[in-house]
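Colleague: Here it is, the structure, as structure tokens.
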Amino acid sequence: MNEINNDEISFDVRKDQAIAFYKKNKKKISNIAFLIILAIAAYFFFKTRQNEARTDAARSLYSAMMNTNTQQALKNLETIAKKSGYTYSDLVKFYGATLYEKNGDPNGAKEVLQRVINETSHPAFKAIAELRLAQLNIDLGSDLEQTESLLKSYTENAASPWQMQAMELLGALQLKKGSKEEAINSFNEIIKSDKSPVDMVTRTKFILATL
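Per the working numbering, the very first residue in the sequence shown carries number 2; after that it's consecutive.
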């Protein structure tokens with residue numbers, strides 16, 4: 002029991018450090034990407050805490066996340082990926098992509114995300130990587146037709162847990178292309194859906210008010 006409590010306390014400390022890091026760098030880091038990675042990392046930390054090797058990998062991952070030196074953190078992440086199993090290899094790729102963005106290298110981030118898509122065995126990780134890659138393509142104005150097809154594969158699938166996240170990105174892409182009416186229709190779908198998070202609905206209403 003004490004071991005579990007100590008693990009929980011230790012994680013709380015790391016969580017507070019991660020939140021502090023996020024608040025300091027929130028303008029440079031994708032909110033959604035960072036919080037998703039933190040939540041997934043926390044889940045696998047608790048799920049595998051009896052496994053010493055994976056617990057060490059989890060601790061190393063959090064340590065790398067606290068490192069504000071981009072190049073050194075990337076080196077640390079590569080080391081973790083080589084020594085750890087597929088789960089942590091995927092997690093460090095996600096964070097590595099964030100660091101590439103922070104370092105002004107979106108193409109480097111895209112390459113890392115594409116590796117996750119091609120190599121991961123976790124469907125959720127693949128979906129997160131695809132949506133993050135879509136967001137990067139929209140920001141860069143690159144591969145928009147291919148990105149639109151990908152997003153529609155999510156928005157047209159009512160069973161997908163990522164449907165509304167993809168709808169929000171689709172609306173942004175349509176605005177990028179100058180398709181205002183299509184974008185308005187996409188944003189209205191978000192407002193009408195009971196699957197949309199409250200903050201997404203609020204954000205969408207604000208965007209619609211400016212169109």
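In this text, a Cβ means the ideal position worked out from N, Cα and C, and glycines have one as well.
On a predicted model such as this, the values are computed, not experimentally measured, just so you know.
Quick check for students: name the residue ranges of the alpha helix (DSSP H) that lie wholly in the region 171-207, counting only runs of 4 or more.
Modeller: Counting whole runs of 4 or more residues, the region 171-207 contains the alpha helix (DSSP H) stretches 181-193.
Colleague: By the 10 Å Cβ neighbour count, where 16 or more other Cβ atoms means buried, how is residue 93 classified, buried or exposed?
Modeller: Buried: at least 16 other Cβ atoms inside 10 Å.
Colleague: With residue 181 and residue 212 assumed to form a contact (beta carbons below 8 Å), what rounded beta-carbon distance in angstroms separates them?
Modeller: That pair is a contact at about 6 Å.
Colleague: Where do the N-terminal and C-terminal ends of the alpha helix (DSSP H) with residue 156 fall, by residue?
Modeller: That run of the alpha helix (DSSP H) goes 145-156.
Colleague: Measure the beta-carbon distance from residue 196 to residue 145 and round it to whole angstroms, keeping in mind my assumption that it falls under 8 Å.
Modeller: At roughly 25 Å, the Cβ-Cβ gap does not stay under 8 Å, so residue 196 and residue 145 are not in contact.
Colleague: Quick check: the region 125-143 against the region 103-113, are at least 3 beta-carbon pairs closer than 8 Å?
Modeller: Short answer: they touch.
Colleague: How far does the alpha helix (DSSP H) with residue 130 in it extend, from its first residue to its last?
Modeller: Counting along the chain, the alpha helix (DSSP H) containing residue 130 begins and ends at 124-141.
Colleague: Buried or exposed: where does residue 199 fall if 16 or more other Cβ atoms within 10 Å of its Cβ makes it buried?
Modeller: Exposed is the call here.
Colleague: Suppose contacts are defined by Cβ-Cβ distances below 7 Å. Is residue 164 in contact with residue 156 by that definition?
Modeller: Going by C-beta atoms, residue 164 is nearer than 7 Å to residue 156.
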